[in-house]
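Enquirer: So the working numbering is basically just the index in the sequence shown, starting at one, shifted up by 7. A virtual CB, placed ideally from N, CA and C, is assigned to each residue, including glycine.
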Amino acid sequence: MEKQINFLQIKKDNETHLEMASKLWMPFVKEVNEHDGTYQSEEQIIDGLKKRISIQGNRKDMHFEIAFLNGEPFGIAMFAIDLGTVYGLLEKGYGTIMGFYVHPNFRRKGLGTSFSNHIEATLYSDGARKMYVCPDPVTGEPFWKAIGYTDSGKFDPDDKKPIYIKEITNPFDLVNC
Ligand SMILES: CC(C)(COP(=O)(O)OP(=O)(O)OC[C@H]1O[C@@H](n2cnc3c(N)ncnc32)[C@H](O)[C@@H]1OP(=O)(O)O)[C@@H](O)C(=O)NCCC(=O)NCCS
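#1: Below 8 Å, how does it come out for the region 161 to 168 and the region 120 to 127: are there three or more Cβ pairs, yes or no?
#2: Would you tell me roughly how many angstroms separate the C-alpha atoms of Ser-29 and Glu-79, rounded to the nearest one?
#3: Taking all protein chains shown into account, decide if Tyr-46 is buried (16 or more other Cβ within 10 angstroms of its Cβ) or exposed.
#4: Could you spell out the range, first to last residue, of the beta strand (DSSP E) harbouring Ser-159?
#5: For a minimum of 3 consecutive residues, which ranges assigned as the beta strand (DSSP E) are wholly contained in the region 28 to 90?
#6: With 16 as the cutoff for other CB atoms within 10 Å, does Phe-81 come out buried or exposed?
#7: Does the region 11 to 28 come close enough to the region 56 to 71 to have 3 or more Cβ pairs within less than 8 Å?
#8: Just how far apart, CA to CA, sit Cys-141 and Ile-172?
#9: Using the Cα positions of Glu-26 and Leu-130, report the straight-line distance between them to the nearest angstrom.
#10: Pick helix, strand or coil for Gly-190, following the three-state DSSP scheme.
#11: Quick one: which unbroken alpha helix (DSSP H) runs of 4-plus residues sit fully inside the region 99 to 144? Chain order, please.
#12: When every heavy atom of ligand 1 is checked, does at least one fall within less than 8 Å of the C-beta of Arg-66?
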């Protein structure tokens with residue numbers, strides 16, 4: 008069967024979107040917390056998700072999307088033009104990804120790469136010419152390295168994670184939003 012990938016912008020005050028997002032956001036936060044050796048209760052995770060959804064629509068260059076493969080949700084990501092540019096550590100014009108997840112049943116099939124291509128193309132059209140991420144140490148680092156991100160040598164002052172960067176020269180988005 009042909010592979011069809013689509014994206015849905017999560018809207019605030021939409022219960023169906025919240026329910027779909029929860030099914031991906033919950034295992035995402037639990038997995039990265041486990042990698043980091045931290046813990047949040049399910050209630051805290053859902054509160055955090057609701058806060059993120061509640062700011063959708065405030066800026067046109069802020070996105071929170073669910074990704075589908077042939078109609079089945081497989082991933083979730085929050086991404087934006089970063090106005091603070093990690094407390095001035097980077098110059099202006101960066102796009103950043105604040106949450107990025109592909110469900111384990113869908114991994115190592117190139118879907119994370121397709122999703123990140125879509126994110127880079129979306130932020131490029133919002134004005135970004137560079138990207139930065141603060142990778143998860145277990146699955147994130149090898150993934151971002153494989154798709155061209157490099158260690159800037161700087162660290163996020165909040166969570167002390169390394170900052171990886173990439174120039175967006177030729178954004179490539181094959182899929183529909
Ligand atoms: C990181 C993540 C999004 C990757 O998604 P994916 O759909 O498996 O990624 P892709 O299939 O596009 O992988 C592309 C390449 O990245 C590298 N890669 C991806 N996951 C990897 C892993 N766990 N270990 C080593 N290399 C990995 C490989 O080179 C891979 O190519 P290959 O499969 O041909 O070897 C997914 O593992 C995930 O959601 N992890 C938990 C959350 C997370 O870490 N998010 C990132 C936060 S910064």
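Expert: If we stick to the structure as given:
#1: no
#2: 15 Å
#3: exposed
#4: Annotation for Ser-159: the continuous beta strand (DSSP E) segment containing it runs 157 to 162.
#5: Fully enclosed beta strand (DSSP E) runs of 3 or longer: 69 to 76, 79 to 88.
#6: buried
#7: yes
#8: 9 Å
#9: Here the C-alpha atom of Glu-26 lies approximately 26 Å from the C-alpha atom of Leu-130.
#10: Absent from the structure is residue 190, since the part of the chain shown begins at 8 and ends at 184.
#11: As far as the region 99 to 144 is concerned, its whole alpha helix (DSSP H) runs of at least 4 residues are 118 to 132.
#12: no
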